[in-house]
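Worksheet: one structure, shown below.
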Amino acid sequence: MKNVSVEELKERAKELRKTALTMIYEAQSGHPGGALSAADLVAALYYRELNINPKEPRWPERDRFILSKGHACPIQYAALGRLGYFEESHLHTLRQEGSILQGHPDMKKCPGIDISTGSLGQGLSCGVGMALAAKRRGEDYRVFVLTGDGELDEGQIWEAVMAASAWKLDNLTMMIDNNRLQLDGPCEQLIPHLNLTQKMREFGFETYEIDGNDMGEIVETLDKIKASKTGQPKCINARTVKGKGVSYMEDQLGWHGMAPDEEQYRTAMEELERGL
């Protein structure tokens, strides 16, 4: 864990949002809504929590991070590029043929990606496997998996949840980017999650419900998880706002997977810079 203040992390999250949105604008393709909603969680992990080494992406003792909602990858690419996993010039090649920054994370192309994702529902299973491997080998690394709330419609998620609980994988933290919207509409109108926090507790996870766009709450919760001795896998049900930081994108379903035009981009960057 790095000694980074909450205010510094807020600034990092702002820069990640600006970088991710620039990537999507330049590519004229991508998913801004879910990238912006997850920015605070991603900033807290990469700049404070994760034990990683950008100069050695495959360092065996590193903590693992899986972006299970792989379509939000611009926010992860922004963090990796700013941390020095690759030359920042690559940040201007999102979704281009031959680019290391594909439309979904590719572990064979992009340094710092621990597992390729994109087919929703699979990332948590991979995280369970990594966490179980650490336990079996007596290794200390931790595994963090960021899922979308719409992604919870996938049955494989719940198989992984049950396995994590059964094997007492207290080195696994599942983070839910709960922005309430998915591609086809509001989550609660499609497949209601009911009481998601209580559900995760009943499945055997030590569970926290927080404001996932409040950096102070994120840091406080990650500290609690690190100090926990319950022997349970962890879950952060992070209530977030889709398109967070850009007024015309916030809580708007249409910005799930649409790039801004020049005027919209300029407005968005101004709003992100000064903060809503």
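Mapping of the sequence shown onto the numbering used here: position 85 corresponds to residue 87, and the numbering continues sequentially without gaps.
The beta carbon of each residue, even a glycine, is placed where N, CA and C say it ideally should be.
Proximity winner among the options, relative to residue i (alpha-carbon distances)
{"i": "K228", "options": "H258, H106, D65", "result": "D65"}
{"i": "R19", "options": "A45, Q30, A29, E9", "result": "A45"}
{"i": "L93", "options": "L52, R139, A22", "result": "A22"}
{"i": "L255", "options": "K226, L134, R182", "result": "R182"}
{"i": "I77", "options": "E264, G105, E51, R60", "result": "G105"}
{"i": "D253", "options": "A15, N5, G187, T24", "result": "G187"}
{"i": "H195", "options": "S70, D263, E156, S230", "result": "E156"}
{"i": "E13", "options": "I193, L126, A81, Y27", "result": "A81"}
{"i": "C112", "options": "E211, D172, D142, E89", "result": "E89"}
{"i": "L11", "options": "Q98, K226, E219", "result": "E219"}
{"i": "S121", "options": "I159, E211, G72, R97", "result": "G72"}
Between the CA atoms of residue j and residue i - distance to the nearest angstrom
{"i": "P34", "j": "A74", "result": "7 Å"}
{"i": "L38", "j": "N239", "result": "17 Å"}
{"i": "E58", "j": "G114", "result": "9 Å"}
{"i": "S249", "j": "A270", "result": "8 Å"}
{"i": "T24", "j": "Y267", "result": "8 Å"}
{"i": "G214", "j": "L43", "result": "7 Å"}
{"i": "Q158", "j": "E99", "result": "31 Å"}
N- and C-terminal bounds of the alpha helix (DSSP H) containing residue i
{"i": "A136", "result": "125-139"}
{"i": "A37", "result": "34-39"}
{"i": "I26", "result": "8-29"}
{"i": "L274", "result": "264-276"}
Beta carbon of residue i nearer than 9 Å to that of residue j
{"i": "G86", "j": "P107", "result": "no"}
{"i": "A166", "j": "V221", "result": "no"}
{"i": "A133", "j": "L69", "result": "no"}
{"i": "D151", "j": "L224", "result": "no"}
{"i": "F205", "j": "L52", "result": "no"}
{"i": "P262", "j": "M176", "result": "no"}
{"i": "L148", "j": "D179", "result": "yes"}
{"i": "R50", "j": "K4", "result": "yes"}
Status (buried if at least 16 other CB within 10 Å, exposed otherwise) for residue i
{"i": "A135", "result": "exposed"}
{"i": "A40", "result": "buried"}
{"i": "G140", "result": "exposed"}
{"i": "R241", "result": "buried"}
{"i": "Q184", "result": "buried"}
{"i": "G233", "result": "exposed"}
{"i": "Q124", "result": "buried"}
N-terminal and C-terminal residue of the beta strand (DSSP E) that residue i is part of
{"i": "I193", "result": "Run containing I193: none; DSSP gives neither H nor E here."}
{"i": "C75", "result": "First-last for C75: 75-85, but that is the alpha helix (DSSP H), not the beta strand (DSSP E)."}
{"i": "G150", "result": "145-150"}
{"i": "L185", "result": "Here L185 belongs to no beta strand (DSSP E), and DSSP marks it neither H nor E."}
{"i": "D225", "result": "First-last for D225: 217-229, but that is the alpha helix (DSSP H), not the beta strand (DSSP E)."}
{"i": "A240", "result": "236-241"}
Check: residue i C-beta below 8 Å from any heavy atom of the ligand NAP
{"i": "E156", "result": "With respect to the ligand NAP, the structure shown offers nothing to examine, as it has no ligands at all."}
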